[in-house]
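Counting in the UniProt record's numbering, the sequence shown runs from 1 upward without gaps.
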Amino acid sequence: MAGRVTMADIAEMAGVTKSTVSRYFNGGYVKEETREKIRKAAKAHGYSPNTFARLKARESGMVGVVVPSLNSKISSRVITSIDRYLREEGYETLIKNSDHQIQLELANIRRLMSLNVDGILISSISIVEEHRELIRNSPVPVVVLAQEYPEGISVVDDDYQAGFVMGQYVGRTNPKHTAYLSVTEEDQAVGVVRRRGVLDGLKSCGVENVRVLIGDYSYESGQNMTGQLLEEGPADAIICATDRLAFGAYRVLHDRGLSIPDDVSVAAFGGYDESSLLTPRLTTVKFDSYAVGYLGAETLLKCIRREPVPKKQVVGFQLIEGESVRLL
Numbered sequence: 001m002a003g004r005v006t007m008a009d010i011a012e013m014a015g016v017t018k019s020t021v022s023r024y025f026n027g028g029y030v031k032e033e034t035r036e037k038i039r040k041a042a043k044a045h046g047y048s049p050n051t052f053a054r055l056k057a058r059e060s061g062m063v064g065v066v067v068p069s070l071n072s073k074i075s076s077r078v079i080t081s082i083d084r085y086l087r088e089e090g091y092e093t094l095i096k097n098s099d100h101q102i103q104l105e106l107a108n109i110r111r112l113m114s115l116n117v118d119g120i121l122i123s124s125i126s127i128v129e130e131h132r133e134l135i136r137n138s139p140v141p142v143v144v145l146a147q148e149y150p151e152g153i154s155v156v157d158d159d160y161q162a163g164f165v166m167g168q169y170v171g172r173t174n175p176k177h178t179a180y181l182s183v184t185e186e187d188q189a190v191g192v193v194r195r196r197g198v199l200d201g202l203k204s205c206g207v208e209n210v211r212v213l214i215g216d217y218s219y220e221s222g223q224n225m226t227g228q229l230l231e232e233g234p235a236d237a238i239i240c241a242t243d244r245l246a247f248g249a250y251r252v253l254h255d256r257g258l259s260i261p262d263d264v265s266v267a268a269f270g271g272y273d274e275s276s277l278l279t280p281r282l283t284t285v286k287f288d289s290y291a292v293g294y295l296g297a298e299t300l301l302k303c304i305r306r307e308p309v310p311k312k313q314v315v316g317f318q319l320i321e322g323e324s325v326r327l328l
């Protein structure tokens, strides 16, 4: 190779990125197979980075990830996808669980910033002013997942359209006593945007008198809301904000001797594998959570490398028709 060999040349010969080569020479994490490729390429061309370049490099080879829960199927898919992508790119993933608590989420973000990670992915339950201030002043790139963040960069599910499609699907069955089991508005994507989509979809079919109950994300909350709903009056269609809430609804309806879907239709969002094992199989919307994780990780690495990225990316969904909605 003519002329002075550069770090970019070594990266090209080893088939990796320049940032991976930089991490290798600065003691950051690089998987063994990749390390060997870089070592061979550098040795073959007598390459050694100069001292100034090594002192200047600040990459840690780690990316921080903040998630609202570790026991959620959706979070599990997102984390798995993020970790796989970053591992392939030679990065380690440092995961912090916020347990659906905003203050803990903010503390986790601050902690990751103090650990000198190269970037942070935040799967947030809500974006408040403290988030905005942290992200504005962050020394490293930040990408927000699951919640729209107009002031920065985000990767989101199409919650409104998914809600609208499900609302229409159930609305076309002409239910007389419809209910929506929601989560709090603290979660903007699920508690506000998805709910608005569901209600608008039902309204487009002439279903406007919808009872909305507010709970949390747990199986127990699904049971409690369904029990409360039935105590307040009849119900012939229940749409749940998540599959886990639907699991609770199934339990209560079964215990009360009500048949799904003959007496009560049930539908939800999540597309959990377990949902197909219910009897009858749950009608649900499955979001491409693996794509959210992959796109989020890919976008963050582009930000770290100072490459252009879209401000907002929207991931699609699939309506999975089970047998839990009574069709006309």
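Glycine included, each C-beta is placed from N, C-alpha and C at the ideal position.
- Pairing I79 with Y160, the inter-Cα distance amounts to about 23 Å.
- Taken through DSSP and simplified to helix, strand or coil, G64 comes out as strand.
- Judged by beta-carbon spacing, V183 lies beyond the 7 Å limit of V292, meaning their Cβ atoms are not closer than that value.
- The beta carbons of D157 and F317 sit about 7 Å from each other, so the pair counts as a contact at 8 Å.
- Judged by DSSP in its simplified three-state form, D157 adopts strand.
- Secondary structure note for R251: its alpha helix (DSSP H) is the uninterrupted segment D243 to D255.
- The C-beta distance from L94 to V140 rounds to 12 Å, too long to meet the 8 Å contact threshold.
- Per DSSP, the unbroken alpha helix (DSSP H) holding Y219 starts and ends at Y219 to E232.
- Excluding its 5 nearest sequence neighbours in each direction, I82 has C-beta neighbours in its own chain below 7 Å: V65, T93, L121, G293, G296 and A297, listed in chain order.
- Cα atoms of N209 and F269: separation of roughly 21 Å, rounded to the nearest angstrom.
- With a cutoff of 7 Å on beta-carbon distance, Q223 and R256 are scored as not near each other.
- For Y272, no alpha helix (DSSP H) segment is defined, and its DSSP state is neither H nor E.
- The segment 235-255 makes contact with the segment 171-185: 3 or more CB pairs, one atom from each, lie closer than 8 Å.
- Linking S218 to K312 through their CA atoms gives a straight-line distance of about 29 Å.
- Membership of A237 in the beta strand (DSSP E) is indicated by the continuous run A237 to C240.
- For N108, the enclosing alpha helix (DSSP H) covers residues I102 to S114.
- Residue state for A146 is assigned as coil, using DSSP reduced to three classes.
- From the listed residues L278, I320, K302 and C303, the smallest Cα separation to F287 is found for I320.
- Annotated three-state conformation of K73 is helix, per DSSP.
- The beta carbons of A146 and S123 sit closer together than 7 Å.
- For M225, same chain residues with a beta-carbon under 6 Å away, outside a window of 5 residues either side, are L181, L213 and G215 in chain order.
- As DSSP reads the structure, Q313 sits in a beta bridge with V155.
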